[in-house]
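Student:
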Amino acid sequence: MLDVVLPILIFASLALALLGAIQRIRLWRQGRPSPVSVLGGLAAMPRRYLVDLHDVVARDKVFANTHVATGGGFVAAAVLLILVHGFQFESRLLSWALLAATAVMFAGALRVAARRKNPPARLSRGPWMRLPKSLFAFASGVFLVTLPTAGVLPASFGGWALAAVLTLIVAWGISEMFLGMTWGGPMKHAFAGALHLAFHRRPERFGGGRSTGLKPIDLKDATAPLGVGKPADFTWNQLLGFDACVQCGRCEAMCPAFAAGQPLNPKKLIQDMVVGLAGGTDAAYAGSPYPGKPIGEHGGDAHSPIVLREGRALVDAETLWSCTTCRACVEECPMMIEHVDAIVDMRRFLTMEHGNTPNKGREVLENLATTDNPGGFDPASRMNWAADLELPLMAKRGTADVLLWMGDGAFDMRNQRTLRALVKVLRAAQVDFAVLGNEELDSGDVARRLGDEATFQTLAVRNAATLAKYRFREIVTCDPHSFHVLKNEYPAFGASYAVTHHSTFISKLMEKGRLALGEWTGGRVTYHDPCYLGRYNGEYEAPRNALKGIGIKVVEMERSGFRSRCCGGGGGAPITDIPGKRRIPDMRMEEINSTKADIVAVGCPQCTAMLEGVVGPRPEVLDIAELVAAQLVAAPAPARGADKRVQVERAVEVVA
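Residues 5 to 660, numbered by the numbering used here, are exactly what the sequence shown covers, in order.
1. Have a look at the DSSP bridge pairing and note the partners of histidine 505.
2. Using the rule of at least 16 other Cβ atoms within 10 Å of the residue's Cβ for burial, across every protein chain shown, is glutamate 336 buried or exposed?
3. Indicate whether proline 484 and cysteine 608 have their beta-carbon atoms separated by less than 9 Å.
4. Within the same chain, show all residues whose beta-carbon is closer than 6 Å to that of alanine 202, passing over the 5 residues directly before and after it, in chain order.
5. Which stretch, first to last residue, makes up the alpha helix (DSSP H) that contains tryptophan 715?
6. Kindly list the residues whose CB is nearer than 6 Å to the CB of alanine 639, restricted to its own chain and excluding five residues on each side of it in sequence; keep chain order.
7. Taking the alpha-carbon of leucine 127 as reference, which of Met109, Lys271, Asp64 and Ala82 has the nearest alpha-carbon?
8. Quick check: the Cα distance between alanine 117 and leucine 135, rounded to an integer number of angstroms?
9. Do you know how far the Cα of arginine 351 is from the Cα of alanine 228?
10. What separation, rounded to the nearest whole angstrom, lies between the Cα atoms of threonine 470 and glutamate 562?
11. Could you name the residues that DSSP lists as bridge partners for valine 529?
12. What do you reckon, are the CB atoms on arginine 1 and serine 41 nearer than 9 Å?
13. What residues in its chain sit with their C-beta under 6 Å from that of valine 108, if we drop five residues either side in the sequence?
14. Leaving out the 5 sequence neighbours to the left and right, which residues in its chain are closer than 6 Å to leucine 513 when beta-carbon positions are compared?
15. Please classify glycine 304: does DSSP put it in a helix, a strand, or coil?
16. Would you identify the three-state DSSP class for glycine 284, choosing helix, strand or coil?
17. Could you pull the start and end residues of the beta strand (DSSP E) that leucine 408 belongs to?
18. Assuming cysteine 570 and cysteine 535 are in contact, meaning their beta carbons sit under 8 Å apart, how far apart are those beta carbons, in whole angstroms?
19. In terms of alpha-carbon separation, which member of Trp164, Ile479 and Leu631 lies closest to valine 8?
20. With respect to the beta strand (DSSP E) encompassing phenylalanine 437, which residues constitute its N-terminal and C-terminal limits?
21. When the Cβ atoms of the region 242-252 are set against those of the region 308-323, are three or more pairs found closer than 8 Å?
22. Buried or exposed for glutamine 27, going by 16 or more other Cβ atoms inside 10 Å?
23. From the DSSP output, which residues share a beta bridge with valine 625?
24. Using three-state DSSP, classify phenylalanine 91 as helix, strand or coil.
25. To the nearest angstrom, report how far apart arginine 622 and asparagine 69 are at their CA atoms.
26. Can you tell me which of the three DSSP states phenylalanine 381 falls into?
27. Touch check for the region 328-344 and the region 284-301: three-plus C-beta pairs under 8 Å?
28. When you compare only the Cα positions, how much space is there between glutamate 94 and aspartate 349?
29. Are at least three pairs of beta-carbons, each pair with one atom in the region 398-409 and one in the region 437-446, less than 8 Å apart?
30. According to DSSP, is arginine 129 part of a helix, a strand, or is it coil?
31. Tell me whether aspartate 222 is buried or exposed, calling it buried when 16 or more other Cβ atoms sit within 10 Å of its Cβ.
32. Could you say which of Met356, Gln610 and Ile588 lies nearest to glutamine 266 if we only look at CA atoms?
33. In this structure, does DSSP put leucine 395 in helix, strand or coil?
34. Per DSSP, what kind of secondary structure is leucine 636 in: helix, strand or coil?
35. Report the rounded CA-to-CA distance for glutamate 478 versus aspartate 376, giving the unit in angstroms.
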């Protein structure tokens, strides 16, 4: 009986799975065109899956081993199942290989079952709760029907009754595995995820690369939408990426806005886009909701507006404006989905099509358009902070080794201390540097994150034209946001530069022995990783090396490096100011205070502002440049064992 039924069952399931795949592809193709290399992507997929994807999955070693057992066991078992029971190849070797693959898969299923017994809050439930049973059904059913072909049991073992039972078990497992991949179900991520890896919109991320710059809109193309107003406005491979979501909730667990109780959950956002892809509501969603928003009130389809002022929509505007663009969600996603790209694309539509930038957003964008800086300051006052420093201007010199990019911190009294400290360090190392002075405009970072692509591109083109007039070896800046934009987003407009964060530059000066430094005696120091320096650009060691160079042994927070918690200052979040139950910088300060540090070292003016804005007991917040400048042997170094507070005060006074 099994010899007759199994081939019919297998090939019927494959045919239905193929029909489901065609239907799924049609859903993805509702999106805008996006050119990809089909053969190149498919050829690269195995390495991307086995190396790049598992590099992220392996951060949870237990789950990584579980995934290897269940995923690898299933792929091997499915291929061997088709050969042994579909085409009925009479090979004891293939049969034993099939037994081994299903046994490995069964072992992985045991771990999946243990995890689902009491799942963490971040994991979606609903259909996912039946996944262990489906894995068991496929693995055990195929294992049992293969025993006779492997010669372990006689072909007639059990008779018709047992054969019928085994057929039902195998049918259950095959249906969940094969049909679930294409018609929808817990295994959908396997099919969509594989193609997502092949046709990823950022192929530069694979092979050890990094790709974090936002993709520009062709504003000269009158047919191109200004951002994404409906799901069909996404590119087709973005829609494919949303469909690949495994609902593991790693993004949810790392999202600072979700932790603060703001109405954002990156996992729910991606699932809402999947709802829009196929049409319907979010009533079947079985994961954590947006904080403060019940399940079931969102819905739409591929050609309906994503955000509405009134009536049912896929997403509320405040959900999009809660994002700090910290990329913690993208960094953690085992399917390599690009959440931030999607959020900014939708913000672009709200800002450029409707002018719906909340709270101070509109004022900031108007300031950028009229004064070239978000604060609305007189552009001619950009150099007031350095009136006594006699900084060399590029307009007078024309060339310099280093162009010091001041950033909009030049208008902020607190960040002016950092800039003065950096100038002190550069001069101590006899660096040949100059500044643009009043020729420098805002880099455009905040405009772009708020969705105003037009203002960003205007600023980028004007800055690029100014920079093209001068000769310099590299740009150095103490602002990671300007650092990122100049390095990773200006090249799209034909403006490529060597850009260095000041912590990296200082670290190199130390390595070359160009700084005479005293010995640190100022107490415990912890370091806060800026998102736009770390997750966006992969720079974690240089700031720590700079601190190490002045004798500081950094006391690490529990969340540091690529898992550092955002300060809450990125993506225009302080401007849009969406309320939650807590403030993100307050949460970060709790983690800082847990180290019992006397000083928290920072490398970003946004981080400085957010952390210094915390009310209550906290360490002194000092930029790396301030700490290094305080240790320059221009003044006598304090005696060993000097009071910690004296050292902190000196770090402030030396750059005042």
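For every residue, glycine included, the Cβ atom is placed at its ideal position computed from N, Cα and C. For clarity, every value in this text was computed on a predicted model and none was experimentally measured.
Tutor: Reading it off the structure:
1. Thr481
2. buried
3. yes
4. Gly45, Leu46 and Met49
5. In this structure the chain extends from 5 to 660, so residue 715 is not present and cannot be described.
6. Below a pLDDT of 50, predicted positions are generally treated as unreliable, and alanine 639, at 43, falls in that range; the measurement from the model is reported next regardless. If we look at alanine 639 and ignore the five residues flanking it on each side, it has no Cβ neighbours.
7. Lys271
8. Distance between alanine 117 and leucine 135, taken at the CA atoms: about 8 Å.
9. 16 Å
10. 43 Å
11. DSSP, once it has assigned bridges, lists Val558 and Ile603 as partnering valine 529.
12. Outside the modelled stretch of the chain, which goes from 5 to 660, sits residue 1, for which no answer is possible.
13. If we look at valine 108 and ignore the five residues flanking it on each side, its Cβ neighbours are Ala73 and Gly77.
14. Ala433 and Leu519
15. strand
16. strand
17. 403-409
18. 5 Å
19. When C-alpha distances from valine 8 are compared across Trp164, Ile479 and Leu631, the shortest belongs to Trp164.
20. 437-439
21. no
22. exposed
23. Val604
24. Phenylalanine 91 falls in the coil class under three-state DSSP.
25. 41 Å
26. coil
27. no
28. 55 Å
29. yes
30. coil
31. exposed
32. Ile588
33. Leucine 395: coil per DSSP, three-state reduction.
34. Strand.
35. 23 Å
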